[in-house]
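Worksheet: the structure to be examined is printed underneath.
Numbering (our numbering), first residue to last: 2 to 280.
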């Protein structure tokens with residue numbers, strides 16, 4: 002039998018017709034990994050590099066009001082808040098769900114980690130009522146009937162902001178993030194998901210120790226590749242470049258995401274930054 006994820010995929014995509022921009026950033030993850038270690042020690046939350054990317058993406062979306070919105074009947078309509086959605090693997094990867102973090106730009110990195118952990122716990126424990134309801138509908142319908150229902154549901158919830166078929170208004174928010182690095186994948190690109198009605202999809206790769214040029218010398222550094230799929234109707238290449246600058250600064254100086262002027266360890270020895278697959 003087709004899994005829920007496979008049925009959704011079959012009912013969602015056909016031949017490509019939309020214009021999308023694909024881009025990637027290869028960034029030094031040393032400061033991000035050090036900040037992760039700092040937050041784990043000081044907050045007790047299981048912070049990862051992926052949470053830093055989520056906060057940085059939220060700040061980048063806030064800096065690009067022309068991207069933080071949706072298209073309704075050919076007209077751009079901005080969202081009132083910056084909500085970021087993280088995809089969650091279920092049943093050893095056989096199914097996929099999501100947890101939305103409302104007002105992610107207003108939350109600290111640790112708060113995002115806490116909210117995501119709570120959402121993941123509900124999903125994996127079968128206690129997310131909306132997901133359980135929508136999953137039942139998907140499993141009950143044949144793929145040929147699911148396709149028009151997905152389009153209708155996406156339009157109602159993602160464009161108009163109406164609750165329908167067990168989904169809340171704007172269920173995917175402004176941006177979708179998936180952490181393929183947790184599965185050991187270094188780099189990948191997310192396909193556009195029409196029913197989500199989201200202009201930006203971000204994939205976070207694994208942090209790997211690789212050769213890098215620092216001060217003119219080749220040295221081993223923890224690097225991470227972050228890729229993005231962006232709906233061309235919302236933004237062009239020049240604007241995307243400005244967005245990338247905000248994302249890069251937030252990732253390479255992660256303490257600024259929490260409103261700090263300098264690294265917490267700036268006056269002492271920095272925590273040792275290990276290359277990990279977390280995030």
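We treat Cβ as the ideally placed atom computed from N, Cα and C, and that holds for glycine.
Rank 120, 195 and 4 by C-alpha distance to the C-alpha of residue 157 and give the top, closest one. 195
With distances taken from CA atoms, which of 220, 246, 39 and 235 is nearest residue 76? 235
Give me the DSSP bridge partner(s) of residue 28. In the DSSP output, where bridge partners are listed per residue, residue 28 has 225.
According to the neighbour-count rule (16 or more other Cβ atoms, all chains shown, within 10 Å of its Cβ), is residue 223 buried or exposed? Under this definition residue 223 is a buried residue.
Taking only the alpha-carbon atoms, compute the straight-line gap between residue 173 and residue 46 and give it to the nearest angstrom. Put simply, the backbone Cα of residue 173 is about 24 Å away from that of residue 46.
Would you call the segment 35-46 in contact with the segment 244-251, where contact means no fewer than 3 C-beta pairs closer than 8 Å? no
Pick helix, strand or coil for residue 46, following the three-state DSSP scheme. Here residue 46 sits in coil by DSSP.
Alpha carbon to alpha carbon, what distance is there between residue 5 and residue 13? The alpha-carbon atoms of residue 13 and residue 5 are separated by roughly 12 Å.
Distance between beta carbons of residue 69 and residue 62, contact taken as under 8 Å: 5 Å
Alpha carbon to alpha carbon, how far is residue 67 from residue 144? Give it in angstroms, no decimals. 34 Å
From the DSSP output, read off the bridge partner residues of residue 204. 179 and 228
Which of helix, strand or coil does DSSP assign to residue 92? coil
Anticipated Cβ contact below 8 Å, residue 204 with residue 57, distance rounded: Going by Cβ atoms, the distance from residue 204 to residue 57 rounds to 14 Å, so no, they are not a contact pair.
Can the beta-carbon of residue 104 be found less than 9 Å from the beta-carbon of residue 84? yes
Looking at the unbroken alpha helix (DSSP H) that takes in residue 119, where does it start and where does it end? 110-125
Leaving out five residues before and five after residue 111 in sequence, what residues of the same chain have Cβ atoms less than 7 Å from its Cβ? 40, 44, 46 and 48
Beta strand (DSSP E) segment containing residue 72, residue limits: It spans 70-73 - the beta strand (DSSP E) in which residue 72 sits, taken as one unbroken run.
For residue 241, name the three-state secondary structure that DSSP assigns. Looking at residue 241 - three-state DSSP - the assignment turns out to be helix.
Coil, strand or helix - residue 261 by DSSP: coil
Contacts around residue 95, its chain only, beta-carbon distance under 8 Å, and the 5 residues preceding and following it disregarded: 4 and 6
Within this structure, are the beta carbons of residue 91 and residue 125 separated by less than 9 Å? yes
Can you tell me whether residue 161 is helix, strand or coil according to DSSP? coil
Alpha carbon to alpha carbon, how far is residue 261 from residue 267? 11 Å
Roughly how many whole angstroms lie between the Cα atoms of residue 20 and residue 241? 14 Å
What number of angstroms, rounded off, separates the C-alpha of residue 82 from the C-alpha of residue 162? 13 Å
Starting from residue 294 and walking both ways along the beta strand (DSSP E), at which residues does that stretch end? Here the chain has residues from 2 to 280 only, and residue 294 is not among them.
Leaving out the 5 sequence neighbours to the left and right, which residues in its chain are closer than 6 Å to residue 264 when beta-carbon positions are compared? 256, listed in sequence order.
Measure how close the beta-carbons of residue 31 and residue 180 come, nearest whole angstrom, since I'm counting them as under 8 Å. No, residue 31 and residue 180 are not in contact; Cβ-Cβ is about 19 Å, not under 8 Å.
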